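So the structure is just underneath, and the comments pick up after that.
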Amino acid sequence: DNRISHISGLKRLVSLKVLSLSNNIIENIDNLDNLTELNKLEISNNKIETFDGLENLKNLQELFIDKNRIKQMEGINNLESLIILFLEKNHIKEFNMSYVANLKNLNFIFLNSLNPDFQSFLFYLKKKRFPGDYLGPLNFQSF
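In structure tokens:
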């Protein structure tokens with residue numbers, strides 16, 4: 011286990027493509043706004059509660075933010091290049107389709123502990139066309 015609790019000193023790394031900060035005790039990710047070239051961010055298993063700080067990461071394609079304390083999806087809608095999103099083992103209780111409406115490139119989303127509010131999202135995924143892929147029938151009972 012690592013013990014990083016604060017993210018600082020990254021402002022000059024503007025060309026950084028991949029950043030891995032998993033398995034730490036980070037609560038706040040608002041110092042990432044300068045990393046506009048970032049493609050992959052791994053911040054799993056921390057203490058993060060919101061997506062605040064990711065707004066400027068327009069090139070982010072892969073986000074691993076599972077095993078945190080995320081409660082709401084608000085703020086994810088700015089990540090228009092996102093293809094893969096790991097959200098498992100968070101504390102999300104409410105889901106609104108507007109949070110992912112902008113995410114036209116989103117092909118994979120990993121969730122768990124889905125409540126009935128997520129059924130509208132699953133229906134959205136079922137209807138979405140994935141080039142070269144097929145999303146088979148979704149069984150809501152398995153969630």
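Under our numbering, the first residue of the sequence shown is numbered 11, with each subsequent residue one higher. Just so it is clear, CB atoms sit at the ideal spot from N, CA and C, and this is done for glycine as well. All figures in this text were calculated on a predicted structure; none of them were measured in a lab.
Contacts around A111, its chain only, beta-carbon distance under 8 Å, and the 5 residues preceding and following it disregarded: N87
Distance between L67 and G85 (C-alpha atoms, nearest Å): 11 Å
Those residues which DSSP pairs with K99 across a bridge: Bridge partners of K99: none, in fact.
CA nearest to the CA of E65, picked from S91, E52 and R79: S91
Unbroken stretches of the beta strand (DSSP E), 3 residues or longer, contained in the stretch 30–79: 50–52 and 72–74
Distance CB(I39)-CB(I14) smaller than 7 Å: In this structure, I39 keeps its C-beta atom at 7 Å or more from the C-beta atom of I14.
Which of helix, strand or coil DSSP assigns to I86: helix
I36 to R79 span [Cα, whole Å]: 11 Å
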